[in-house]
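Under the UniProt record's numbering, the first residue of the sequence shown carries the number 1, and numbering increases by one thereafter. Just so it is clear, CB atoms sit at the ideal spot from N, CA and C, and this is done for glycine as well. Inspection log for the structure reproduced underneath, given as structure tokens.
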Amino acid sequence: MIASRGCHQRGATLVVGLILLVLITLIVTSAFNLSTGNLKAVGNMQTRDEAVAAANVAIERVISTDTIFFAPAAKTESVGPYSVSVAAPVCISSVSIKDYTSADTNPNVLIEGGPGGSGSATGFVVTYWDITATVNDTTTGARAEVHQGVKITLPASPNPCT
């Protein structure tokens, strides 16, 4: 009887060992799948951040000169591997700049609009623009759209916002 009890215990050890081996295999497989998913998510975030940076660079290139504000037009810029579509700037508003003279220690002040419409026109306007850049990367599927506000003083004639 003692011999049969020993054989029975050896069989139980084998079964418990196999169950533990299956559990460890499932844990390792789950960890591998989780790390693969995290790696894909980080890669997607990095690709999107690169697309946003490319859109910002394209906007900076477009607004580096004021010619885009005199004749607003769409442009396409290449930034690294990305092709960025920059829409024509949209003028949101313009405010005339007036020369206001007062009796204070600094009598000549340039102001937007002027209190009560007083002051003489300087021939310039402050303009407010919205510029949109869009990146669509067909290789990675990344898409980013960036809006940038711009405030720039321009000659009043011809007023680019009319």
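Name, in chain order, the residues that DSSP records as bridge partners for residue i.
i: I131; result: Q148
i: T153; result: V126
i: N136; result: R143
i: A121; result: K98
Who are the near neighbours of residue i in its chain, counting only those whose CB is closer than 6 Å to its CB and skipping five residues on each side?
i: E145; result: T134
i: G17; result: none
i: A87; result: A74 and T132
i: S93; result: Y128
i: P72; result: A88 and P89
What is the residue span of the alpha helix (DSSP H) that residue i lies within?
i: T67; result: T67 to F70
Less than 7 Å between C-beta atoms, sequence neighbours within five positions excluded: which residues of the same chain meet that for residue i?
i: V79; result: A54, V57 and A58
i: G117; result: Residue placement at G117 cannot be trusted, given a pLDDT of 48 that sits under 50; what the coordinates show is reported in the next sentence. Here the set comprises nothing.
i: V52; result: A144 and V146
For residue i, which residues from the same chain have a beta carbon less than 8 Å from its beta carbon, with the 5 sequence-adjacent residues on both sides left out?
i: F124; result: S96, I97, T153, L154, P155 and A156
i: P81; result: D137 and T139
Return no unless some Cβ of chain D is closer than 9 Å to the Cβ of residue i.
i: S96; result: Any reference to chain D falls outside this structure, which holds one protein chain only.
Handout entry: alpha helix (DSSP H) runs contained entirely in the region 45-92, provided each spans 4 or more residues
Key = Under the rule that a run must span 4 or more residues, the alpha helix (DSSP H) segments found entirely inside the region 45-92 read 67-70.
Handout entry: the region 149-157 contacting the region 60-78, beta-carbon criterion three pairs below 8 Å
Key = Result yes; three or more Cβ-Cβ pairs closer than 8 Å.
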